[in-house]
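Visitor: Numbers 5 to 287, taken from this note's numbering, label the letters of the sequence shown in order.
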Amino acid sequence: MSSLGQSLTHRAMQPQNADSSNGQDECKRSLTEVIETQIIPRLVQAHRIDLHDANAPTAGPGISPKQLATFVALSKSSSASETTQFIDELLHQGVTTDRIFLELIAPAARQLGLMWEQDLCDFTEVTCGLVRMHEITHRLGFEYQNGPQLGGDVQRIMLASAPGSQHFLGMTIVSDFFRKAGWDVVIEISLSEKELMHAVNNEWFDVIGISCATEAQLKTLPGLIRALKSSSGNPEPGVLLGGPIFTLQQHDARSLGADGICIDVKEAVALAASFRSSPSASA
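This is the structure we're talking about:
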């Protein structure tokens with residue numbers, strides 16, 4: 005699933021010709037769109053905050069531009085403990101969790117996307133920052149509460165990396181293809197099996213897409229798939245595998261507990277659609 009993402013990453017690192025520049029721009033537009041349309045709304049939805057009411061009066065001290073800049077810098081380059089300490093200090097000063105979500109986390113995520121677009125930080129820093137923000141939302145009581153609990157007319161897929169890696173760029177490109185095919189796509193950036201189980205338990209997904217990068221992840225993949233299937237709000241989700249490891253090694257999907265393995269994104273979209281249209285295909 006991430007072969008296209010790997011290709012675009014390679015092109016983004018080689019800006020010496022027009023094609024490379026176009027590939028880099030495509031990567032940046034895709035990531036910024038994902039941050040704006042998926043990451044930010046999901047980061048703030050725990051408290052059911054309406055992003056359109058961002059200017060509405062909120063109780064307690066606000067977030068200053070200096071604090072926002074500090075948080076962005078800490079998120080993309082510091083240890084988790086430093087970022088956590090920064091949030092703890094804000095809470096101690098009386099800053100509400102609503103303000104932290106609305107005035108700190110959402111603008112910081114947006115700023116990371118802009119910095120990536122403007123070549124002010126690299127993709128590793130963007131990923132690190134988004135993961136830090138995701139960890140903070142869970143620490144402050146974030147839960148997925150607004151997702152549909154039953155299947156509907158719209159096909160839904162969750163794309164996630166297997167715990168142990170953060171190869172997020174490929175998933176942003178893959179998500180574009182699914183959205184263009186009419187899917188509702190959620191990119192889950194959780195770092196643990198527990199958080200992934202929580203995500204699939206609280207929302208309905210027709211298909212779960214897992215990207216696997218390393219041999220170590222491959223060894224734990226069958227257990228992860230069993231856990232996700234048993235936790236899923238959909239009793240019979242299709243499970244689609246992809247990622248760098250499958251471009252290097254051949255594996256049987258069934259032996260891993262999955263319904264299919266794809267290294268081509270167009271094939272992945274078609275196979276995922278077959279899970280939805282033919283439930284027996286994934287039985």
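Heads up, the beta-carbon is just placed ideally off N, CA and C, and yes, glycines get one too. The structure presented is a predicted model; accordingly, all values stated were derived computationally and were not measured.
1. Looking at C-alpha atoms only, which residue of Val189, Gly66, Thr36, Leu232 is the closest neighbour of glutamate 107?
2. Curious, which full-length alpha helix (DSSP H) runs of at least 4 residues does the region 166-209 contain?
3. Could you say which of Arg143, Gln71, Gly237, Leu244 lies nearest to threonine 88 if we only look at CA atoms?
4. Can the beta-carbon of valine 158 be found closer than 7 Å to that of aspartate 188?
5. State the beta-bridge partners of glycine 246 as determined by DSSP.
6. What's the gap between the Cα of serine 165 and the Cα of histidine 202?
7. What residue does the alpha helix (DSSP H) around valine 99 start on, and which one ends it?
8. Assuming isoleucine 193 contacts glutamate 219 under a Cβ cut-off of 8 Å, what Cβ separation, rounded to an integer in Å, is found between them?
9. Return yes when the Cβ of glycine 261 is within less than 7 Å of the Cβ of isoleucine 229, no when it is not.
10. Can we say the region 109-124 touches the region 36-44, given the rule of at least three CB pairs closer than 8 Å?
11. Less than 7 Å between C-beta atoms, sequence neighbours within five positions excluded: which residues of the same chain meet that for glycine 64?
12. May I have the straight-line CA-CA distance separating valine 178 from glutamate 121, to the nearest angstrom?
13. Under a three-way DSSP split, which group does leucine 163 fall into?
14. Provide the residue span of the alpha helix (DSSP H) that contains phenylalanine 127, from first to last.
15. Suppose contacts are defined by Cβ-Cβ distances below 7 Å. Is glycine 237 in contact with asparagine 205 by that definition?
16. Whose C-alpha, out of Leu200, Ala185, Arg136, Thr251, is nearest the C-alpha of serine 235?
17. Would you kindly work out how many angstroms separate the C-alpha atoms of aspartate 263 and glutamine 253, rounded to a whole number?
18. For valine 190, collect the residues of the same chain with a Cβ closer than 6 Å to its Cβ; drop the 5 residues on either side in sequence, then sort them by chain order.
19. Three-state secondary structure (DSSP) at cysteine 64?
20. Please return the same chain residues whose Cβ sits closer than 7 Å to the Cβ of methionine 137, not counting the five positions on each side in sequence.
21. Can you look up glycine 261 in the DSSP assignment and give me helix, strand or coil?
22. Give every residue of the same chain whose Cβ lies closer than 8 Å to the Cβ of isoleucine 39, excluding the five residues on either side of it in the sequence, and list them in chain order.
23. Are glycine 247 and alanine 217 closer than 7 Å when you measure CB to CB?
24. Would you call threonine 241 buried or exposed, if buried means 16 or more other Cβ atoms sit within 10 Å of its Cβ?
25. For the putative contact between serine 81 and glutamate 37, defined by C-beta atoms under 8 Å, what is the C-beta separation to the nearest angstrom?
26. Suppose the cutoff is 6 Å on Cβ atoms and the five residues either side in sequence are ignored; what does the same chain contact list for leucine 245 look like?
Guide: From the atom records:
1. Gly66
2. 172-184, 197-206
3. Arg143
4. yes
5. Ser215
6. 15 Å
7. First-last for valine 99: undefined, no H or E at that position.
8. No, isoleucine 193 and glutamate 219 are not in contact; Cβ-Cβ is about 22 Å, not under 8 Å.
9. yes
10. yes
11. Gly98, Val99, Thr100, Arg103
12. 19 Å
13. strand
14. 127-143
15. yes
16. Leu200
17. 17 Å
18. Met162
19. Per the sequence shown, residue 64 should be read as glycine rather than cysteine. Coil, per DSSP.
20. Leu47, Ser79, Ile109, Ala112, Ala113
21. coil
22. Ala113, Arg114, Leu116, Gly117, Leu134
23. yes
24. In the sequence under discussion, the amino acid at residue 241 is proline, which differs from the threonine named in the question. Buried is the call here.
25. With 8 Å as the limit, serine 81 and glutamate 37 do not qualify as a contact, their Cβ atoms being about 24 Å apart.
26. Ile214, Ala262, Ile265
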